[in-house]
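S.K.:
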C-alpha cells in the first residue's frame, strides 16, 4: 500500500486497546432480558443488528456478568474466528450508538474489539481502514489457523494521516459512502419490481386482459369451442368441481372455453427408477431439480439403466410440458429439444397437448396459479406437498383460440425481453456499485481522496497525542491513581 510521506504508520496497539470478547455457556443464553449479547451473526454491513432476540441475551447471574466483555460506543468489532481462516475479518462493524433499552451489552469470543481511546473521527478512520482491502490484508497476515488472537491482532499495522487531513478524509468518506448506500438501496428494489411486473403480465395474459384489444380487432376469429382442437366441455366438465365454488376462473372472454387437462392432453407420471432393479442400457434422465420455471437445466443429468420399453413410455418429444410432482409442485417448463434418448423419472409429469393449447400457454397458466390458492388446492400431503397424477388431470385450463394463444405468448415474450434487458442493466450497475465502496476506500488510504495541506500538523505529533491519551486511560494508570487517591484519603483521616 502506498503511503504519503507525511503520513505515519504504527501498530494498532499503539493507538487502541485490542481484546477478544467472551462466549457464555449454552445454558446461560435466553431469548429476552436486559443483558444483550452481540454475536458473529449480528454484524451486518458495517453496523450492528440489535434486533435478533433468539438466544441474544444472558441470564442475570452476577458472576457471569462480571466475566463478560462490555461494548462501548465507537468500538469496532471484527470477526476473529471462522471455519476457514480466509473468512476472518470479512465482517467489520462500528458501534454508532448503543440502544438505551438494555442495561448492558456484551460481545462473544468470536469477535475482536478495537477500542479507540482518541476521538470519534479516529474510531471511524480505523473502521474504514479495516473495512478496506488494505485492512483485510493486515487481518489476514495476523491470522493463525482459524483464529485471530488479540496478541497477534495488536501487531497489525495501520496508516495515520495528520489529524486535520484525517478529519477531512473521514468527512468525505461519510458523504460518498452514504450516496453509495442510497444507490444500493434503490437498486435492491429493482428485482422485486421486475418480479411483480412479470407476475402482473402473466396474470393479465391468463385472464384475457392482455389481449382485449386483439379480440376487438379480430372478432371473426374462431372461438375456442368451435374449432377441431377446441372441444366444448363435455357434461362431466360442465359440472364444476368443489374448488370452482371459490371462483377458479374470473369471468372468461366469450370466445374462450375451458377443459380439464386430462381431456385435452396425455398426462403421464414418470417411473420410479430403481438402480437395483432396472435393466437395459445406461440412459440419461431428468429429475425434479432439472425442471425450473420456463427452462430445463441439462447441466447435471444422471444415468440409469432403462429397457427399450421404458424408453418408449418415458420418451420426450419437442413441445412436451414437464411438470414437477413434488419439491415445488406445479413448476413447469417446455421441452424444446428435438427427440432424444433422455427420459424422465417419477418426480415429473409429462403433459402432451392434443392441439387444443400451446405448450407455453399451459406453463404460463401454471405459473400464474402457483401465485394464488388455485394450484395449491390440488395438492395432497400436509407437510410435504405433492401434485399427483389424479390431481393434475383435474387441473382446469382456460382455452383461448389458438391464434389468440399465439398472440398472448408473443406479447408475453416481448414484455419479458424488456424485463430481461432491465435486469441485465441492473446486474451491471450492481456489480459497479458493489466495487465502488472498495474503490473509494482504496483511494482514501492512498491519500488521493482529499487535497493535502502542508500546514497540517505532522502525523507523528498526532501519534504522540494519541499515545499520551492511551497511557492516561490505561487500566494500570487508573489503578495507580486510585491507589494514590486511597492513600491520600487514609492520610487525611489519620
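Numbering (the working numbering), first residue to last: 52 to 545.
Just so you know, even glycine gets a beta-carbon here, dropped at the ideal spot from N, CA and C.
Taking only three categories from DSSP, how would you classify residue 287?
M.R.: Within the chain shown, residue 287 is the residue found at index 236, counting from 1. Interpretation of residue 287 is limited by its pLDDT of 41, a score under 50 that renders its predicted location unreliable; no figure is taken from the coordinates.
S.K.: In terms of residues, what are the limits of the beta strand (DSSP E) holding residue 165?
M.R.: One-based indexing of the chain shown puts residue 165 at position 114. Residue 165 -> beta strand (DSSP E) spans 162 to 167.
S.K.: Span of the beta strand (DSSP E) holding residue 62?
M.R.: Position 11 of the chain shown holds residue 62. It spans 59 to 62 - the beta strand (DSSP E) in which residue 62 sits, taken as one unbroken run.
S.K.: Quick check on DSSP: helix, strand or coil for residue 400?
M.R.: By one-based count along the chain shown, residue 400 stands at place 349. Correct three-state label for residue 400: strand.
S.K.: When we look at the beta-carbon of residue 455 and count the other beta-carbons within 10 Å, is it buried (16 or more) or exposed?
M.R.: As a first step, residue 455 is located in the chain shown; it is residue number 404 there, counting from the start. Result: buried.
S.K.: Would you mind listing the beta strand (DSSP E) stretches within the region 112 to 167 that are 3+ residues and don't spill past its ends, in chain order?
M.R.: Taking only runs of at least 3 residues, the beta strand (DSSP E) segments lying wholly in the region 112 to 167 are 127 to 130, 143 to 145, 155 to 158 and 162 to 167.
S.K.: Secondary structure at residue 461, three-state DSSP: helix, strand or coil?
M.R.: Position 410 of the chain shown, counted from the start, is the residue given in the question as residue 461. Here residue 461 sits in helix by DSSP.
S.K.: Over the uninterrupted alpha helix (DSSP H) stretch that includes residue 414, give me the two end residues.
M.R.: Looking up residue 414 in the chain shown gives position 363. Residues 410 to 421.
S.K.: Cutting at 8 Å between CB atoms, please list the residues of its own chain near residue 444, excluding the five before and the five after it.
M.R.: Position 393 of the chain shown, counted from the start, is the residue given in the question as residue 444. Cβ neighbours of residue 444 beyond the five flanking positions: 311, 312, 313 and 318.
S.K.: May I ask which residues mark the beginning and end of the alpha helix (DSSP H) holding residue 446?
M.R.: On the chain shown, residue 446 is found 395 positions in, with the first residue counted as 1. Careful: residue 446 lies outside any alpha helix (DSSP H) and carries neither H nor E.
S.K.: For residue 503, does the three-state DSSP call read helix, strand or coil?
M.R.: If you number the chain shown from 1, residue 503 lands on position 452. Coil at residue 503, not helix or strand.
S.K.: Excluding the 5 residues flanking residue 296 on each side, which residues of the same chain have their C-beta closer than 8 Å to its C-beta?
M.R.: For the purposes of this step, residue 296 is taken as residue 245 along the chain shown, with counting starting at 1. Interpretation of residue 296 is limited by its pLDDT of 36, a score under 50 that renders its predicted location unreliable; the figure taken from the coordinates is listed afterwards. If we look at residue 296 and ignore the five residues flanking it on each side, it has no Cβ neighbours.
S.K.: Since residue 67 contacts residue 167 with CB under 8 Å, what's their CB separation in whole angstroms?
M.R.: Working through the chain shown from its first residue, we reach residue 67 at position 16. Working through the chain shown from its first residue, we reach residue 167 at position 116. That belief holds up - the Cβ atoms of residue 67 and residue 167 are roughly 5 Å apart, short of 8 Å.
S.K.: Thinking C-beta only, is residue 484 closer than 8 Å to residue 227?
M.R.: One-based indexing of the chain shown puts residue 227 at position 176. One-based indexing of the chain shown puts residue 484 at position 433. No, the Cβ-Cβ distance between residue 227 and residue 484 is not below 8 Å.
S.K.: Quick check: the Cα distance between residue 329 and residue 364, rounded to an integer number of angstroms?
M.R.: Walking along the chain shown from the start, residue 329 turns up at place 278. Walking along the chain shown from the start, residue 364 turns up at place 313. Taking the straight line from one Cα to the other gives about 15 Å.
S.K.: Can you tell which of 305, 88 and 392 has the C-alpha that lies nearest to the C-alpha of residue 162?
M.R.: Numbered from 1 along the chain shown, position 111 holds the residue referred to as residue 162. Per the Cα distances, 88.
S.K.: Which full runs of the alpha helix (DSSP H) of 4+ residues lie inside the region 232 to 258, going along the chain?
M.R.: Fully enclosed alpha helix (DSSP H) runs of 4 or longer: 241 to 257.
S.K.: Where DSSP assigns a beta bridge to residue 191, which residues make up the other side?
M.R.: Residue mapping note: residue 191 aligns to position 140 of the chain shown, counting from 1. DSSP, once it has assigned bridges, lists no residue as partnering residue 191.
S.K.: If we count the other Cβ atoms within 10 Å of its Cβ and call it buried at 16 or more, is residue 173 buried or exposed?
M.R.: Here residue 173 corresponds to residue number 122 of the chain shown, with the count starting at 1. So residue 173 counts as buried.
S.K.: Thinking residue 342 and residue 373 are a contact (beta carbons under 8 Å), I'd like their distance in whole angstroms, please.
M.R.: As a working mapping, residue 342 is identified with position 291 in the chain shown. As a working mapping, residue 373 is identified with position 322 in the chain shown. About 5 Å separates the two Cβ atoms, so the contact holds.
S.K.: Cα-Cα, which of 62, 234 and 189 is closest to residue 131?
M.R.: Counting from one through the chain shown, the residue named residue 131 turns up at place 80. The residue with the shortest Cα to Cα distance from residue 131 is 189.
S.K.: Leaving aside the five residues before and after residue 145 along the sequence, list all residues of the same chain whose C-beta is less than 6 Å from its C-beta, in chain order.
M.R.: The count along the chain shown starts at 1 and reaches residue 145 at position 94. Same-chain partners within the cutoff: 127 and 178.
S.K.: Can you tell me where the alpha helix (DSSP H) with residue 308 in it begins and where it stops?
M.R.: Position 257 of the chain shown, counted from the start, is the residue given in the question as residue 308. Premise fails: residue 308 lies in the beta strand (DSSP E), 308 to 311, not in any alpha helix (DSSP H).
S.K.: Grab the span of the beta strand (DSSP E) containing residue 335 for me, first residue to last.
M.R.: Numbered from its first residue, the chain shown carries residue 335 at position 284. It spans 332 to 337 - the beta strand (DSSP E) in which residue 335 sits, taken as one unbroken run.
S.K.: Could you compute how far the alpha carbon of residue 234 sits from the alpha carbon of residue 474?
M.R.: Position 183 of the chain shown, counted from the start, is the residue given in the question as residue 234. Position 423 of the chain shown, counted from the start, is the residue given in the question as residue 474. Roughly 16 Å separates the two Cα atoms.
S.K.: If you draw a straight line from the alpha carbon of residue 159 to that of residue 183, how long is it in whole angstroms?
M.R.: The sequence position of residue 159 within the chain shown is 108, counting from 1. The sequence position of residue 183 within the chain shown is 132, counting from 1. Roughly 24 Å between the two C-alpha positions.
S.K.: Check for me: the beta strand (DSSP E) holding residue 86 runs from which residue to which?
M.R.: Translated into the one-based positions of the chain shown, residue 86 becomes position 35. Taken as a continuous stretch (DSSP letters only), the beta strand (DSSP E) holding residue 86 covers 86 to 89.
S.K.: Helix, strand or coil: how does DSSP classify residue 208 here?
M.R.: Position 157 of the chain shown, counted from the start, is the residue given in the question as residue 208. Reduced to three states, the DSSP call for residue 208 is strand.
S.K.: Excluding the 5 residues preceding and the 5 following residue 55 in the sequence, name in chain order all residues of the same chain whose CB lies nearer than 6 Å to its CB.
M.R.: Counting from 1 along the chain shown, the entry for residue 55 is found at position 4. So the qualifying residues of the chain are 498.
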